[in-house]
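Mapping of the sequence shown onto UniProt numbering: residues 1 to 273, in sequence order. Just so it is clear, CB atoms sit at the ideal spot from N, CA and C, and this is done for glycine as well. Okay, structure first, notes after.
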Amino acid sequence: MSTLKLKDGTEIFYKDQGEGPVLMFHHGWPLSSDDWDAQVIFFLQKGYRVIAHDRRGHGRSSQNIYGHTIEQYASDAAELVEFLGLKEVVHIGHSTGGGEVIRYVNKYAKGRAKKAVLISAVPPVMVKSESNPDGVPMEVFDNIREQTLNNRSQFYIDLTFPFYGYNREGADIKEGVQRNWWRQGMMGGIVAHYDGIKAFSETDFTEDLKAVDIPVLVLHGEDDQIVPIENSAIKSAKLLKNGKLITYPGFSHGMPTTEHQTINKDLLEFIRS
């Protein structure tokens, strides 16, 4: 079990596997690096070195009660990159991890990042406001906070239905996928998950998106019920200097798992380009 003790004492669990060009994966809320299994094994078999870590408070990392902000998450990622001596890295983030990636690349990469990928990602900003009138109402996030605080175990089961599109007519529901999501969520700390809701919903990544000049691939499902595409990927692609957008009709928020063959193919093509 590999861990890195950060400057503030937090221990970060990470996987470092394979040899070759480096890919680093950043998971979504409230999961862990295990959520990337379908990508990890695919890219290991293609000859890549694959790094995946559990964000602070999540998975097997320290369940501390401090620093659950995008800024801190990006700083933590930078410490891990520097500790491992990584260069020419392709950073790939899902959902909240996409926000972590774009903030990291903009503020902390210092030339170490080669490309970035945002999958079903939260940027530019999720929550509805005067400057983001078509965003998701704050009441939605307040309900997520309420459920996480008082009903976390059941809520994490219920959330898998919209997450994977299992609430759609004719959906191929896989209980194992739901259980694995629940397992990952319940491994993490409730404080980290509660505070993380504000981090992923209220952080504004507009200036990060505008500033990044490396190639960025934006992938998003058109039936994403967690991070609506019109308020996220569509806007992000327009803000990026060197962005490429691919959208998928009918794909859900959890498409790296449910549609991993399609996603992996497009990732590989972008990484090799």
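Query, Result
"Residue range of the unbroken beta strand (DSSP E) whose run includes Thr247", "Gly243 to Tyr248"
"Residues bridged to Phe13 (per DSSP)", "Thr3"
"Boundaries (first-last residue) of the beta strand (DSSP E) holding Ile92", "Val89 to His94"
"Cβ neighbour criterion (16 or more within 10 Å) applied to Arg183", "exposed"
"Distance CB(Val22)-CB(Glu88) smaller than 8 Å", "yes"
"Pick from Glu230, Asp224, Asp266 and Ile246 that is closest to Gly254, judged by C-alpha positions", "Asp224"
"Whole-angstrom distance between Arg152 and Asp195, CA atom to CA atom", "14 Å"
"Reduced DSSP secondary structure (H/G/I, E/B, other) of Leu219", "strand"
"Simplified DSSP assignment, three categories, for Ala199", "helix"
"Where residue 274 sits in the DSSP three-state scheme", "Residue 274 falls outside the range modelled here, since the chain spans only 1 to 273, and no answer is possible."
"DSSP-derived helix/strand/coil call for Phe161", "helix"
"Span of the beta strand (DSSP E), counted from its first residue to its last, around Ile119", "Ala113 to Ile119"
"Pairwise C-alpha distance: His220 and Gly250", "10 Å"
"Beta-carbon proximity list for Phe186, same chain, < 7 Å, skipping 5 on both sides", "Here residue 186 is Met; the residue named in the question, Phe, does not match the sequence. So the list reads Ser153 and Tyr156, once near-sequence residues are dropped."
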